[in-house]
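Chemist:
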Amino acid sequence: MPKVSSVIVPYAAYLRVYEPLAAFPEPERGHWARYARRPDRPSYQDELRRSLADLLPTPPIPVPVHESGDAFVTEVEGVLCVCPWRTRLRGWQALGELAEELPAPVLDAVLPPVVRRQAAQDYERWLTRNPDARPWIRTATWQVPLNWFVLVSDDERRYDKGLGDVPPMLRYRTPMVQARRRTARALRTLRDAIDEGPLIDGLVDVGRWLEEFHPRSLVELDYGGLVHVLPAAELDRDHSAADVAEGIEALRRGDGVAAGEAYGRLVERWRAVGDRRSAN
Numbered sequence: 001m002p003k004v005s006s007v008i009v010p011y012a013a014y015l016r017v018y019e020p021l022a023a024f025p026e027p028e029r030g031h032w033a034r035y036a037r038r039p040d041r042p043s044y045q046d047e048l049r050r051s052l053a054d055l056l057p058t059p060p061i062p063v064p065v066h067e068s069g070d071a072f073v074t075e076v077e078g079v080l081c082v083c084p085w086r087t088r089l090r091g092w093q094a095l096g097e098l099a100e101e102l103p104a105p106v107l108d109a110v111l112p113p114v115v116r117r118q119a120a121q122d123y124e125r126w127l128t129r130n131p132d133a134r135p136w137i138r139t140a141t142w143q144v145p146l147n148w149f150v151l152v153s154d155d156e157r158r159y160d161k162g163l164g165d166v167p168p169m170l171r172y173r174t175p176m177v178q179a180r181r182r183t184a185r186a187l188r189t190l191r192d193a194i195d196e197g198p199l200i201d202g203l204v205d206v207g208r209w210l211e212e213f214h215p216r217s218l219v220e221l222d223y224g225g226l227v228h229v230l231p232a233a234e235l236d237r238d239h240s241a242a243d244v245a246e247g248i249e250a251l252r253r254g255d256g257v258a259a260g261e262a263y264g265r266l267v268e269r270w271r272a273v274g275d276r277r278s279a280n
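Given below as structure tokens:
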């Protein structure tokens with residue numbers, strides 16, 4: 001399969017859900033079964049390369065004209081599991097969040113208002129025909145949201161430094177049932193210990209999203225392109241899921257000091273990542 005670009009695209013982390021093939025209705029199930037047998041399936045970076053290529057024309061194409069027929073595929077205990085890209089849907093959703101990310105003059109320069117209005121109108125029409133649509137992938141730039149770490153455990157962490165043409169990789173994978181259980185336990189603890197706030201709101205949101213999927217799905221937290229901007233030594237020391245779990249457990253015990261120390265480690269680590277964003 002030809003590559004759009006040979007450039008490695010950094011800066012984005014991902015939360016993905018892989019659903020078992022049986023969760024998909026026909027004819028989509030048949031499509032993914034055939035797709036999984038293809039030897040030329042695209043990689044994680046190919047998806048971003050294609051998206052960036054759409055921004056090169058004038059005017060740019062903020063959302064693909066057609067929905068992607070690609071997916072990420074893995075096998076869990078002999079069961080084929082699929083994570084559809086749904087690039088068009090995710091593009092519409094990301095476009096709606098850009099106003100909070102970029103100053104108006106920068107946003108207008110990158111994506112003119114007329115382009116954004118047309119995309120918004122297309123999305124509204126599409127939603128009337130697909131009211132229950134949801135993405136299998138969530139994306140965060142220059143960070144991994146702390147509520148994502150609640151879903152996983154440090155013993156599910158896998159870090160490969162990479163070698164030669166093989167890029168580094170840091171990810172967690174966990175069964176859906178574990179992700180839901182951890183989310184529910186963390187919410188009980190947080191609501192008992194602190195006031196409502198962004199962490200609780202984010203965890204409620206991601207918990208509702210997880211409920212949309214088959215209970216035998218696989219949840220993957222992938223540092224994605226962040227591994228290309230963080231030094232190997234920092235990646236090796238990064239055990240954010242352990243810090244989050246330690247902080248929540250400390251809150252459950254009523255140990256505010258230990259909870260504060262765990263939170264401090266997280267803030268310091270991810271502030272350093274944010275500083276790199278500002279420097280660029």
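First residue of the sequence shown: 1, per UniProt numbering; consecutive thereafter. A virtual CB, placed ideally from N, CA and C, is assigned to each residue, including glycine.
(1) Quick check: the segment 58-77 against the segment 37-47, are there 3 or more CB pairs under 8 Å?
(2) Identify which residue in I137, W136, W92, W126 has its Cα closest to the Cα of V115.
(3) Under DSSP, the alpha helix (DSSP H) around E100 begins and ends at which residues?
(4) How big is the Cα-Cα spacing for P62 and Q121?
(5) Of the choices A193, T183, V244, D192, whose alpha-carbon is the least far from that of D205?
(6) Rounded to a whole number of angstroms, what is the C-alpha to C-alpha distance between V110 and P103?
(7) With a CB to CB cut of under 7 Å and the five nearest residues on each side skipped, what residues in its chain are close to K161?
(8) Under a three-way DSSP split, which group does R38 fall into?
(9) Give a yes or no on contact between the segment 18-36 and the segment 221-236, applying the rule of three or more CB pairs nearer than 8 Å.
(10) Nearest to E234 by alpha carbon, out of R191, R277, L170?
(11) Does S5 come out as helix, strand or coil in the three-state DSSP assignment?
(12) Roughly how many angstroms lie between the CA atoms of Y18 and L190, to the nearest whole one?
(13) Cα separation between R88 and W126?
(14) Answer with buried or exposed for N130, where buried requires no fewer than 16 other C-beta atoms within 10 angstroms of its C-beta.
Modeler: If we stick to the structure as given:
(1) Yes: the two stretches touch, three or more of their Cβ pairs being nearer than 8 Å.
(2) W92
(3) 87-101
(4) Annotation: P62 to Q121 spans about 13 Å, alpha carbon to alpha carbon.
(5) T183
(6) 11 Å
(7) P168, A232
(8) coil
(9) no
(10) L170
(11) Per-residue confidence for S5 stands at a pLDDT of 40, beneath the threshold of 50, marking its modelled position as unreliable; the derived number appears in the next sentence. The answer is coil: DSSP assigns S5 none of H, G, I, E or B.
(12) 28 Å
(13) R88 and W126 have their C-alpha atoms some 11 Å from each other.
(14) exposed
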